[in-house]
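Notes follow once the structure below has been shown.
There are 2 protein chains.
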Amino acid sequence: MPSHILVVGSLAYDDVHTPYDSRREVLGGAASYFSLAACLYAPVRLMGVVGDDFRGSDLERLRAKGVDLAGVEHAKGRSFRWLGKYDHDLAAAETINTDLGVFGDWEPTVPPAFADSEFVFLANILPEIQGRMLEQVRAPKAVALDTMNYWIERRRDALAAVMTRVDIVTVNEAEARQFCGTHNVLKAAREILALGPRAVVIKRAEYGALLLTKDRIFWTPAYPLDEVRDPTGAGDAFAGGMLGHLARAGTFDDATLCRAVLHGTVCASFAVEDFSVDGIERADRTAIDRRVRELESLVSA
Amino acid sequence: MPSHILVVGSLAYDDVHTPYDSRREVLGGAASYFSLAACLYAPVRLMGVVGDDFRGSDLERLRAKGVDLAGVEHAKGRSFRWLGKYDHDLAAAETINTDLGVFGDWEPTVPPAFADSEFVFLANILPEIQGRMLEQVRAPKAVALDTMNYWIERRRDALAAVMTRVDIVTVNEAEARQFCGTHNVLKAAREILALGPRAVVIKRAEYGALLLTKDRIFWTPAYPLDEVRDPTGAGDAFAGGMLGHLARAGTFDDATLCRAVLHGTVCASFAVEDFSVDGIERADRTAIDRRVRELESLVSA
Chain A
-7 MPSHILVVGS LAYDDVHTPY DSRREVLGGA ASYFSLAACL YAPVRLMGVV GDDFRGSDLE
53 RLRAKGVDLA GVEHAKGRSF RWLGKYDHDL AAAETINTDL GVFGDWEPTV PPAFADSEFV
113 FLANILPEIQ GRMLEQVRAP KAVALDTMNY WIERRRDALA AVMTRVDIVT VNEAEARQFC
173 GTHNVLKAAR EILALGPRAV VIKRAEYGAL LLTKDRIFWT PAYPLDEVRD PTGAGDAFAG
233 GMLGHLARAG TFDDATLCRA VLHGTVCASF AVEDFSVDGI ERADRTAIDR RVRELESLVS
293 A
Chain B
-7 MPSHILVVGS LAYDDVHTPY DSRREVLGGA ASYFSLAACL YAPVRLMGVV GDDFRGSDLE
53 RLRAKGVDLA GVEHAKGRSF RWLGKYDHDL AAAETINTDL GVFGDWEPTV PPAFADSEFV
113 FLANILPEIQ GRMLEQVRAP KAVALDTMNY WIERRRDALA AVMTRVDIVT VNEAEARQFC
173 GTHNVLKAAR EILALGPRAV VIKRAEYGAL LLTKDRIFWT PAYPLDEVRD PTGAGDAFAG
233 GMLGHLARAG TFDDATLCRA VLHGTVCASF AVEDFSVDGI ERADRTAIDR RVRELESLVS
293 A
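Line by line, the protein sequences are chains A and B.
So for the first sequence, this note's numbering puts the first residue at -7; every next one is plus one.
So for the second sequence, this note's numbering puts the first residue at -7; every next one is plus one.
Shown next, in the form of structure tokens:
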């Protein structure tokens, strides 16, 4: 029987602009991307908040994949909205506007039925809230945390404090450098590891991902794609594939973590192939396993 | 009996500035870095030109490693000098000044004793000269070519023409993008491959290297270093390790090429650990083989 995965994070509507194409008011948010990846591996329980404007059909897309939405609160007001723009290289997004809406005042409480979740993903949110979540999950096997530059700049101490209490920290390369004040990514990963987590994963976009534990450095390239259409959500789909693989395995020793990073990388590749969650929503286990094998053959000399 | 490697390229004096340290008038040049890496694998024959100011002791450093200097011309005037500066991230160098000196008018002619070289490296130099070299080497097993943005901007057609006649093109990531007018590195590599070479290697600095042949994509991370002191010459040391491995193997099928890319990556890691050629000069086969094994374990899930 596979373990349960709990995710706490945003459900959002995104406006995404690239020099090649655009989309308006499409399903986004860390919890959406994460869930649609993780649900391919193990049962997912979602905690999020939506406003009056959130379309039932979008919740249905998650429900149709077996995602347990009992932790989705419906609040008065607008849903979280993000307007972002990518340059021709489709690298870092420029945030044009963020409207937190009902997500801004949200104080999530873990439903009793979710408290026995074994694997937990605390998506990017106020570090203090991430900390309070930890107290409400009974005995998780592994808790992973993601964050972003916004919190590194404004809540560094609170973020460092919650990092000491989780098992896995996922962070993108620029954020790792910013958090640690060094360009050397290996040094930055070591510094975060020294805070206490069992594993640190540095996400490097088109350059893949780096995993560091006390005893292991593991590196994977990104899955090579002929076309990236929308990088939004890559990191959350990555976390979904990673936690998904761990939950299915029911463990997180070093060897399992390495394979989990491959699965995360592949889920991210599906996410960026299309706008919104469309790419990861279309992925299935057969396609994922094929790409994992390709990824492995890519590095075997 | 190992094959012979012929390298045609610059012997230079560099002034290198980083935010952390600097060096003045230190041994540099593509041919120096390449030779000191390649000579760890197979006999190296060097073609270059030096001015009156070139120190005998610097030629002696190469000779001491068994590099055949019969192809080094001594000309009246100053040796090639480069003044470069790196930013805090030690990524791309900013060229503050280039003084080609005697290298500017140099028209290399392959000495008869070098014409039977089996493996050839045409380091960054005027593409037309690279082309003329090809006519002077009798029956090479493999010719590799490197270039830089300067020639892509000024001699694109000549460069494309010579690319059609070589076996391996090595180019850094930014140059591949510039040459092909696309951000997607895989597409760029394919475009160069379509010109005719049997293999394209995209050098990605701290992100490793990508090899593309008709039947194979191979990717290696960079060797993880705690400290990079001077990235100058990384690409040439890479080419030295790569051609060195091919020459020792005497072949260049896909499997050998993949392993050659690992050796190139490791030679580059030694080069960037210290200023000038000091790092690669200190490397030996035992240390190289150890790092190759570490590099392989880094990617094995």
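Cβ atoms here follow ideal geometry from the backbone N, Cα and C, with glycine treated the same way.
Treat the numbers as computed from the prediction; the structure is a model and nothing was measured.
For G63/A, the enclosing beta strand (DSSP E) begins and ends at D60 to H66.
Looking at the DSSP output, K195/A bridges to N164/A and A201/A. Contacts with chain B (Cβ-Cβ distance below 8 Å) from the stretch 208 to 222 of chain A involve I209, F210, W211, T212, P213, P216, L217, D218, E219 and V220, listed in chain order.
DSSP places V177/B outside any beta strand (DSSP E); the residue lies instead in the alpha helix (DSSP H), whose first and last residues are V177 to L185. By the Cβ criterion, the stretch 98 to 114 of chain B is not in contact with the stretch 76 to 84 of chain B, since fewer than three pairs of Cβ atoms, one from each stretch, lie closer than 8 Å. Within the same chain, and ignoring the five residues on either side of R148/B in sequence, the residues whose Cβ sits closer than 8 Å to its Cβ are F171. Taking 8 Å as the cut-off, the beta carbon of M234/B is found closer than this to the beta carbon of G256/B. Counting the other CB atoms within 10 Å of its CB gives K68/A a total below 16, which places it among the exposed residues. Annotation: V253/A to S49/B spans about 50 Å, alpha carbon to alpha carbon. Apart from the 5 residues on each side of it in sequence, H9/B sits with its Cβ closer than 6 Å to the Cβ of K77 in its chain, given in chain order. Within a 10 Å sphere around the beta-carbon of R285/A sit fewer than 16 other beta-carbons, which makes this residue exposed.
Only buried fits R196/B, as 16 or more other CB atoms lie within 10 angstroms of its CB. Between E165/B and V177/B the beta-carbon gap is near 6 Å, inside 8 Å, which marks them as a contact. Interface flag for C31/A against chain B is unset, since no Cβ pair is found closer than 8 Å. No Cβ of chain B is located within less than 8 Å of the beta carbon of N141/A.
Three or more Cβ pairs closer than 8 Å define a contact, and the stretch 277 to 293 of chain A falls short of that threshold against the stretch 217 to 224 of chain B.
Taking a beta-carbon distance threshold of 8 Å, L290/B counts as an interface residue toward chain A. Of the residues assessed, I184/A falls on the buried side of the cut-off, its CB having 16 or more other CB atoms within 10 angstroms. For D222/B, DSSP assigns no beta-bridge partner whatsoever. Beta-bridge annotation (DSSP): L82/B is not paired with any residue. Scanning its chain for C-beta atoms nearer than 8 Å, with the 5 sequence neighbours on each side dropped, one finds around V42/B the residues L3, L51, V64, E65, H66, A67, S71 and V94, in chain order.
Among the bridge pairs identified by DSSP, K77/A is matched with H9/A and E86/A. Per DSSP, V284/B lies in no beta strand (DSSP E) segment; the continuous alpha helix (DSSP H) that holds it begins and ends at R277 to V291. Under a criterion of Cβ atoms nearer than 7 Å, the residues of chain B adjacent to R251/A are, in order, A293.
From the beta-carbon of H175/A, the residues of chain B found nearer than 8 Å are H80, D81 and L82.
For V18/B and S27/B, the gap between their C-alpha atoms comes out near 16 Å.
In the three-state reduction of the DSSP assignment, R55/B falls in the helix class, which pools H, G and I. Boundaries of the beta strand (DSSP E) around D138/B: A134 to D138. Distances from the alpha-carbon of D138/B to those of Q122/B, R37/B and G58/B put Q122/B closest. In the displayed model, R130/A falls within coil according to three-state DSSP, outside both helix and strand.
Residue range N141 to R146 is occupied by the alpha helix (DSSP H) that includes W143/B.
With the rule of 3 Cβ pairs closer than 8 Å, the stretch 21 to 37 of chain B counts as touching the stretch 255 to 275 of chain B.
In this structure, DSSP gives D246/A a helical state, which the three-state scheme calls helix. Look at E17/B here: in three-state DSSP terms it is strand.
Taking Q128/A as the centre and dropping the five residues before and after it, the same chain places the C-beta of V102 closer than 6 Å to its C-beta, in chain order. Contact residues of the stretch 221 to 248 of chain B toward chain A are A247 (C-beta to C-beta distance below 9 Å).
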